[in-house]
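These notes are about the structure you will find just below.
Protein chains in written order, with our numbering: chain A, 1 to 572; chain B, 1 to 235.
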């Protein structure tokens with residue numbers, strides 16, 4: 001029993017982040033994983049506002065090109081390129097990653113596996129500091145002469161290599177620096193996630209009793225750790241090309257612009273799964289609780305997720321079918337790309353099978369989880385068009401692609417993260433959210449999300465290319481301009497649809513009902529402690545885990561859920 | 001809105017139909033899957049909504065016999081995936097693989113921010129005195145294969161001809177290529193499909209597909225000195 005008691009190190013740790021330490025000690029120097037999770041959440045929400053604002057300006061320009069955007073002025077083509085670049089960068093690296101991994105990973109992993117904190121609490125603190133620094137560098141990049149980065153979020157050289165091609169000088173250099181810092185932060189986080197889950201599990205928490213949310217965080221962290229190296233190398237080379245005139249990407253001197261594309265997409269495609277897998281984990285937690293059934297095929301889901309991890313490294317060149325690489329490479333990459341639909345569909349089918357003969361209640365987290373499934377099925381299917389090499393000849397670089405990745409990434413990160421947020425909010429903040437406001441938020445979001453993005457498929461098929469600042473020069477787009485107007489109005493309504501969410505959260509934090517320890521009657525470990533959990537999570541002794549995470553409606557049990565901590569003997 | 005094929009601009013190339021038919025295959029397969037999957041999903045949501053006095057059914061889905069409910073549909077998906085790639089490979093090979101012999105070769109160079117179009121002139125060779133340059137304009141005869149030599153003068157551009165179903169990036173330091181055979185006279189647009197800087201979205205050329213006589217007249221007008229019979233002049 002000795003290991004179950006707080007160690008001397010735990011006690012020291014407790015002193016460094018106990019409550020009542022004042023603002024600085026709590027919010028700047030805390031090594032508590034729950035506090036760091038909230039810091040990541042705060043940064044993510046801050047960047048969501050900025051990224052959302054940029055997309056609003058962009059949409060206004062596309063609907064009514066050349067007219068004054070309120071609060072911005074006329075958007076010139078240079079400013080438009082800044083908007084597309086920074087919107088993409090922010091949403092992927094400064095919203096989806098800090099919320100999906102930084103906030104939820106930090107909050108959930110120790111609580112769900114029965115640890116007192118992360119394996120390396122100080123490294124965790126360093127990670128949020130470095131992420132904060134990355135955020136500051138990115139913020140500064142908006143205000144330097146020449147403006148922020150404008151070479152697209154993919155930053156293809158030579159466009160990104162020389163100032164005269166884009167006009168952005170320090171903006172693009174700081175953009176690279178912000179990425180380097182951000183990746184360093186998530187490297188620290190990823191190492192911490194893996195070490196924590198592999199070494200700090202509570203007694204009885206075998207790997208096969210770990211909740212799927214933890215598994216998917218680990219899978220995402222693993223993909224990130226394995227894929228980010230080549231990109232860091234590539235980014236350093238690009239930085240050297242920009243700053244001291246090396247010629248890694250300059251043709252005619254041994255350099256090659258395609259080198260960047262291979263390095264970028266070797267990271268960039270797996271990154272899609274880094275963003276996707278944590279929300280898949282959230283949905284796997286929410287579905288059993290609100291249908292009162294075990295998740296369908298726990299081990300089979302793990303196999304499928306393993307398949308996604310493996311295949312994610314074999315598909316990068318589908319971004320490069322028409323890039324100028326040898327066309328013979330296209331078919332192998334087309335096959336591997338389309339094959340990834342098998343493990344992804346496998347997980348989605350397991351989710352749908354979980355609903356079969358369940359007892360489904362439509363609370364807000366469940367609604368968002370169901371929205372995730374419906375939207376992701378659709379986004380996954382449109383991916384097959386892009387994965388087919390001949391069809392991609394036409395689709396690449398059009399709005400069809402924009403529509404497709406918003407259906408996959410928006411559905412996963414936004415619907416998945418909201419499912420997780422509504423589900424774990426009581427645990428995180430100790431207050432209940434309003435159900436009616438949550439349901440209103442869901443329905444408005446799902447309706448306006450579809451109205452905003454669906455018709456982008458159609459205008460893409462009609463020939464509208466991505467990063468088009470102004471559709472007017474194109475005769476073929478004239479009959480379809482109404483789609484741009486439609487999507488813009490819908491996108492503003494989508495932004496407005498977030499008001500009930502903000503009201504809900506603020507109202508709850510100020511005057512919400514205190515949350516009980518287990519408001520949803522869920523089995524996983526985090527619901528067995530108070531809301532919010534105390535420092536070091538478990539009081540005197542660590543929990544002892546007796547069973548798997550999804551024991552709902554077990555025949556012969558009077559109660560329809562069995563907490564992971566409930567000893568076997570007293571279960572009957 | 002429902003039938004996506006109708007949204008494509010008119011196809012005017014010999015291989016565009018192949019590309020469109022692969023698109024149609026994926027479209028119908030995907031639509032059927034979508035209806036089945038979301039239909040099942042919707043039925044489950046209605047049938048198994050929470051009701052008084054009914055308890056959920058305990059099933060883990062772990063044994064192979066139970067997991068077959070998800071594995072068998074996945075096997076079907078695997079088969080459909082391979083079918084789609086099997087149908088796609090010939091279309092890809094037609095557009096990007098072996099190019100048919102072409103009498104007319106045109107060199108297009110992407111520049112910030114226009115297409116620099118160079119014709120080799122009657123001698124059929126680039127870099128000689130009878131080359132002629134036309135910015136943002138390509139003139140070709142209908143019904144003849146045309147070879148494209150694609151280059152970039154500065155950054156990566158992407159040559160996009162929606163009506164031909166053709167797209168190819170132009171990469172500095174590298175020659176990329178393509179071909180097409182237009183089937184219908186008219187003027188078609190040529191946007192740039194890769195972000196190439198401030199003027200990117202104003203980059204738009206014209207592809208003029210002429211009936212044979214009209215094309216001959218255009219050639220005569222451009223190369224008046226070479227009107228004597230010359231088998232190698234662009235036709």
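All C-beta atoms, glycine included, are put in the ideal place defined by N, C-alpha and C.
Locate the beta strand (DSSP E) running through residue 204(A), then write down its first and last residues. It is not in any beta strand (DSSP E) - residue 204(A) carries neither H nor E in the DSSP assignment.
Name the residue from 281(A), 58(A), 175(A) and 263(A) whose alpha carbon lies nearest to the alpha carbon of residue 213(A). 281(A)
Minimum length 3: unbroken beta strand (DSSP E) runs contained in the segment 70-134 of chain B: 104-111 and 114-119
With a threshold of 8 Å between beta carbons, is residue 200(B) in contact with chain A? yes
Leaving aside the five residues before and after residue 226(A) along the sequence, list all residues of the same chain whose C-beta is less than 8 Å from its C-beta, in chain order. 270 and 313
For residue 107(B) and residue 210(A), the rounded distance between their alpha carbons: 60 Å
According to DSSP, residue 73(A) sits in a beta bridge with which residue or residues? 69(A)
Identify the continuous beta strand (DSSP E) that holds residue 167(B) and give its terminal residues. Residue range 166-170 is occupied by the beta strand (DSSP E) that includes residue 167(B).
Anything in chain A within Cβ reach of residue 33(B), meaning under 9 Å, just list it in chain order. 345, 377 and 381
Which residue or residues does DSSP assign as beta-bridge partners of residue 204(B)? Answer is 191(B).
C-alpha gap between residue 372(A) and residue 103(B), whole angstroms: 54 Å
Going along the chain, which residues of the segment 162-179 of chain B sit with their C-beta nearer than 8 Å to a C-beta in chain A? 162, 165, 166, 167, 168, 169, 170, 171, 172, 173, 174 and 176
Please confirm if the segment 38-52 of chain B is in contact with the segment 182-193 of chain B, defined as three or more CB-CB distances below 8 Å between the two stretches. no
Across the segment 134-147 of chain A and the segment 193-211 of chain A, are there enough close Cβ pairs to call them in contact, namely three or more that are closer than 8 Å? no
Quick check: the segment 253-263 of chain A against the segment 165-172 of chain A, are there 3 or more CB pairs under 8 Å? The segment 253-263 of chain A, when compared against the segment 165-172 of chain A, does not touch it at the 8 Å Cβ threshold.
Three-state secondary structure (DSSP) of residue 160(A): coil
Using DSSP bridges, identify the partner residues of residue 176(B). 150(B)
Within chain B, the residues that residue 179(A) reaches when beta carbons sit closer than 9 Å: Going along chain B, no residue has its Cβ under 9 Å from residue 179(A), so there is no contact; the nearest lies around 18 Å.
In chain order, what residues of the segment 95-109 of chain B put their CB closer than 8 Å to some CB of chain A? 95, 96 and 97
Can you name the start and end residues of the alpha helix (DSSP H) that residue 485(A) belongs to? 481-496
Identify, in the order they occur along the chain, each residue of the same chain with its Cβ nearer than 7 Å to the Cβ of residue 455(A), setting aside the five sequence neighbours on each side. 483, 486 and 487
Taking 8 Å as the CB-CB limit, is residue 37(B) close to chain A? Answer yes: the Cβ-Cβ gap between residue 37(B) and chain A drops below 8 Å somewhere.
Terminal residues of the continuous alpha helix (DSSP H) containing residue 353(A)? 341-355
May I ask you to list, following chain order, the residues of the segment 69-89 of chain B that have a beta carbon less than 8 Å from some beta carbon of chain A? For the segment 69-89 of chain B, residues whose beta-carbon sits nearer than 8 Å to a beta-carbon of chain A comprise 69, 70, 71, 73, 74, 77, 78, 81, 82, 84, 85, 88 and 89.
Backbone CA spacing between residue 186(A) and residue 37(A) [nearest angstrom]: 13 Å
For residue 81(A), decide whether its Cβ has a neighbour in chain B, counting only Cβ atoms nearer than 8 Å. At least one chain B Cβ lies under 8 Å of residue 81(A).
If I follow the unbroken beta strand (DSSP E) through residue 213(B), where does it start and stop? That residue, residue 213(B), is in no beta strand (DSSP E); its alpha helix (DSSP H) goes 212-222.
Mind pulling the alpha helix (DSSP H) runs of 4 or more residues that sit fully within the segment 92-121 of chain A? 104-113
At the 8 Å Cβ level, is residue 197(B) part of the contact set with chain A, yes or no? yes
On a Cα-Cα basis, can you pick out the residue from 519(A), 189(A) and 77(A) that is closest to residue 274(A)? 189(A)
Listed by chain order, chain B residues near residue 241(A) by CB distance under 9 Å: Simply none; closest approach about 13 Å.
Hey, would you say the C-beta of residue 194(A) is under 7 Å away from at least one heavy atom of the ligand SAH? By its list of ligands, the structure shown contains no ligand whatsoever, and the ligand SAH lies outside what it can speak to.
Unbroken alpha helix (DSSP H) run spanning residue 159(B), endpoints: Element bounds for residue 159(B): not the alpha helix (DSSP H) but the beta strand (DSSP E), 157-161.
Should residue 103(A) and residue 40(A) be called a contact, given that it needs their Cβ atoms to be closer than 8 Å? yes
Closest Cα partner of residue 446(A) within the set 429(A), 411(A), 59(A) and 327(A): 411(A)
Between residue 413(A) and residue 383(A), is the Cβ-Cβ spacing less than 8 Å? no
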